[in-house]
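Just so you know, the sequences run in chain order A and B.
The opening residue of the first sequence carries number 726 in my numbering; numbering runs sequentially from there.
The opening residue of the second sequence carries number 726 in my numbering; numbering runs sequentially from there.
In what follows, a structure is listed as structure tokens, so that the remarks can point back to it.
Number of protein chains: 2
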Amino acid sequence: MNATTQAPDTVSLESPQPRHVDLARTLMQDIGSGRYRIGDMLPTEAELCAQWNLSRYAVRQAILKLCELGLINRQAGIGTRVIASRPHTRYVQSMDSLSDLVRYAHDTRLDVLSRSVRPASEEESRLLRCAPGAKWLHIEGIRHEVSGEDVPIALVDVYVAERYSGLKGVGKTLNTPIHTMLEQQFGINATRVEQQIQGLLLVGEQAVALRVPEHSAGLRIVRTYYVQDTVIEVTSGVHPASRFSYSMTFQLTHTPS
Amino acid sequence: MNATTQAPDTVSLESPQPRHVDLARTLMQDIGSGRYRIGDMLPTEAELCAQWNLSRYAVRQAILKLCELGLINRQAGIGTRVIASRPHTRYVQSMDSLSDLVRYAHDTRLDVLSRSVRPASEEESRLLRCAPGAKWLHIEGIRHEVSGEDVPIALVDVYVAERYSGLKGVGKTLNTPIHTMLEQQFGINATRVEQQIQGLLLVGEQAVALRVPEHSAGLRIVRTYYVQDTVIEVTSGVHPASRFSYSMTFQLTHTPS
DNA sequence: AAGTGGTCTAGACCACAGG
DNA sequence: CTGTGGTCTAGACCACTTC
């Protein structure tokens, strides 16, 4: 018999909690305090049934709770092994859809300047992570606010993998993000998005197009959309720093793994 | 009796799956296909027991699975209501610790230029979201690479709430992020971090300190660390664009809520 | 062969919603 | 009051691992 894992025999009173919650909490404390160390075996279901005078059902409820928290690993024929001393905490930034990445997408429109399917230049091939000469659908445009004065927000370059270059609905202006159109027309959804943010100087044509003085500060955001390990879309946006900054929030969570 | 939710009576063969998995999958399909709409009640446990010829235990395993996926909501005395037609998909960026935010923290050191506890100026009060005159611990420094030439990576300003201004271990150089020191010395952990990224021009003293030409492009990253709704720390880093860009990755997930 | 967890049955009592 | 889901008991058979 084991003293620390033993259940209180005088129960019922003072216990608004279901018994399996008590058991789960006790086990978590025993793991957190080092009573059971990582790699150790927890008592078997049968032992816990006897020690706590509970049925297997109740004991399993408690143990499966620890499983969900990622504290233990179970294997039929082996037993229950401690794999973590406390629930994994991490910081998460989450979004309901990729449109939240392009958060200004709602009140803005993209005026399309050009659309073409053509081979990638040397420089573009690095951006697109492809061989030089591979063909991509290239859309060039300027993003404006939908209402108010006609102040440009960004110079935009969108590259779409040749496989999806038959994309329809790319008129003179776009109100829908390209990745949403890809999802609607081809049923594909990015499984991963990489985003890179750089500072740069706005010079020459860029400064003129964005209507800022030569040599103003700017922000460049490059997003690479993957399905598994293949790139389906790359976007590049150049913003005047005076009219754009990028914000994000990270929340502390306690989910497992 | 309900035809679509009915279990196959000729079972057992061709079924390597546990029966509760079959039931869960069928229910998910019925919900996804609109057989049950959002707001509808699912059959009660008793009904499913009868229709599928299963015990309550097995039926509950299936139903609780849908619960975990966030598809249904249960209430004793009421029943089981459909609250979503499919598992919520979202994009998340996650980190094991906040040190991953300051990803360059490992191979770099912060040379401390000044340390003082003093009232916030008008401009700082906006940054710190506090009243002008509120006292904060202010640490000023330059971040360098640990090895290699002495090229500065960033000009850093760290503000710590007065409550924690007794912070120890801030010598001439720092190898540990301030928020890690706060955690170690005061046992506090940010529950939320906001991060803002701006482009800017490096001029005057900044350009000199970072050893870049006047009017170079730069990147400013401001992080605000919260415990619940109170700010405990604010950091500001000014980077030369030529030596720094900010990258992040978002993964598609299918977790509930 | 003995023991493990995975699955399942057939009951039971309870607190709580609704008519 | 009946019916709901929440909790729990006391059994059982199985596939698997270990000895």
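Virtual Cβ for every residue (Gly too), placed ideally from N, Cα, C.
Owing to the predicted nature of the structure, the values given are computational and were not obtained by experimental measurement.
Could you spell out the range, first to last residue, of the beta strand (DSSP E) harbouring residue i?
i	result
Y816 of chain B	R815 to M820
Q742 of chain A	From DSSP, Q742 of chain A is part of no beta strand (DSSP E); its letter is neither H nor E.
A942 of chain B	S941 to V952
W957 of chain A	Before going on, a small fix: residue 957 of chain A reads as Ile here, not Trp. Run containing I957 of chain A: T955 to P965, per the beta strand (DSSP E) assignment.
S850 of chain B	It is not in any beta strand (DSSP E) - S850 of chain B instead sits in the alpha helix (DSSP H) that spans E847 to L853.
T833 of chain A	T833 to P844
Let me check understanding here. Comparing Cα to Cα, which of the options lies closest to residue i?
i	options	result
I808 of chain B	B:D747, B:V885, B:R762 and B:T916	B:R762
R811 of chain A	A:L773, A:M753, A:K790 and A:D836	A:M753
I903 of chain B	B:Y971, B:T751, B:S824 and B:L789	B:S824
R799 of chain A	A:Q776, A:T769, A:A775 and A:R834	A:T769
E908 of chain B	B:G896, B:S822 and B:S839	B:S822
V928 of chain A	A:I957, A:Q910, A:V963 and A:E958	A:V963
F911 of chain A	A:V918, A:S839, A:V895 and A:G891	A:G891
L926 of chain B	B:R936, B:G943, B:N914 and B:R917	B:G943
D875 of chain B	B:E772, B:R968 and B:G757	B:R968
A771 of chain A	A:S758, A:D765, A:R785 and A:G764	A:R785
E984 of chain B	B:L789, B:L880 and B:S961	Lying outside 726 to 982, the shown extent of chain B, residue 984 of chain B is not represented and no answer is given.
I788 of chain A	A:I756, A:Q818, A:G866 and A:V871	A:I756
H745 of chain A	A:Q776, A:M766, A:V885 and A:T805	A:Q776
V885 of chain A	A:T955, A:V959 and A:S758	A:V959
S839 of chain B	B:C855, B:R781, B:Q742 and B:L899	B:L899
G802 of chain B	B:Y782, B:M766 and B:C774	B:M766
S819 of chain B	A:V918, A:L779 and A:N778	A:V918
G804 of chain A	A:L773, A:V871 and A:P743	A:L773
I913 of chain B	B:T955, B:V883 and B:S970	B:T955
E865 of chain A	A:D747, A:S961 and A:S970	A:S961
Y889 of chain A	A:R781, A:I957 and A:S970	A:I957
Y782 of chain B	B:S758, B:P743, B:E870 and B:T901	B:P743
V883 of chain B	B:T901, B:V871, B:S872 and B:L779	B:T901
R806 of chain A	A:T751, A:V871, A:G764 and A:D747	A:G764
N778 of chain A	A:L796, A:I797 and A:D747	A:D747
Let me know the secondary structure DSSP gives residue i once reduced to three states.
i	result
S890 of chain B	coil
L779 of chain A	coil
V784 of chain B	helix
E870 of chain A	strand
S972 of chain B	strand
V918 of chain A	strand
L789 of chain B	helix
L977 of chain A	strand
A859 of chain A	coil
G924 of chain A	strand
I763 of chain B	coil
T769 of chain B	coil
D882 of chain B	strand
L899 of chain A	strand
Need the endpoints of the alpha helix (DSSP H) that residue i sits in, please.
i	result
Q803 of chain B	Correcting the residue type first, residue 803 of chain B is Ile in the shown sequence and not Gln. From DSSP, I803 of chain B is part of no alpha helix (DSSP H); its letter is neither H nor E.
V933 of chain A	G929 to L935
L907 of chain A	I903 to F911
Near residue i, what residues of its chain come up, given a Cβ to Cβ distance below 8 Å and the 5 sequence neighbours on each side ignored?
i	result
S725 of chain A	In this structure chain A extends from 726 to 982, so residue 725 of chain A is not present and cannot be described.
A859 of chain A	P844, A845, S850, L853 and E887
Y816 of chain A	F975, Q976, L977 and T978
K897 of chain B	D836 and V837
T916 of chain A	Y951, V952 and Q953
Within its chain, find whatever has a CB closer than 6 Å to the CB of residue i; leave out the 5 residues flanking it on each side and keep chain order.
i	result
S972 of chain B	none
Q920 of chain B	R948
Q923 of chain B	R945
R868 of chain A	T833, L835, I878, A879 and V881
E847 of chain B	P857
A749 of chain B	A787 and K790
Suppose the cutoff is 7 Å on Cβ atoms and the five residues either side in sequence are ignored; what does the same chain contact list for residue i look like?
i	result
A932 of chain A	P938, E939 and S941
C792 of chain A	R799
P965 of chain A	L927, L935, V937, S941 and G943
G894 of chain A	M906
Mind checking the stretch 912–940 of chain B against chain A and listing, in chain order, the residues whose C-beta falls within less than 8 Å of any C-beta there? N914, A915, T916, R917, V918, E919, Q920, Q921, I922, Q923, G924, L925, L926 and H940
Please identify, using Cβ separations under 9 Å, the residues of the stretch 843–870 of chain A that lie next to chain B, in order along the chain. Under the 9 Å Cβ criterion, the stretch 843–870 of chain A contributes no residue.
Which residues, in order along the stretch 954–971 of chain B, keep a beta-carbon less than 7 Å from a beta-carbon of chain A? A966, S970 and Y971
Selection of the stretch 800–829 of chain A by Cβ proximity to chain B, strictly under 9 Å: H813, T814, R815, Y816, V817, Q818, S819, M820, D821, S822, L823, D825 and L826
May I ask you to list, following chain order, the residues of the stretch 784–795 of chain B that have a beta carbon less than 9 Å from some beta carbon of chain A? E793
The stretch 891–912 of chain B: positions lying closer than 8 Å to chain A by Cβ: Answer in chain order: no residues at all.
Check distances from the C-beta atoms of the stretch 744–776 of chain B to those of chain A and list, in chain order, the residues that come in under 9 Å. Residues: none.
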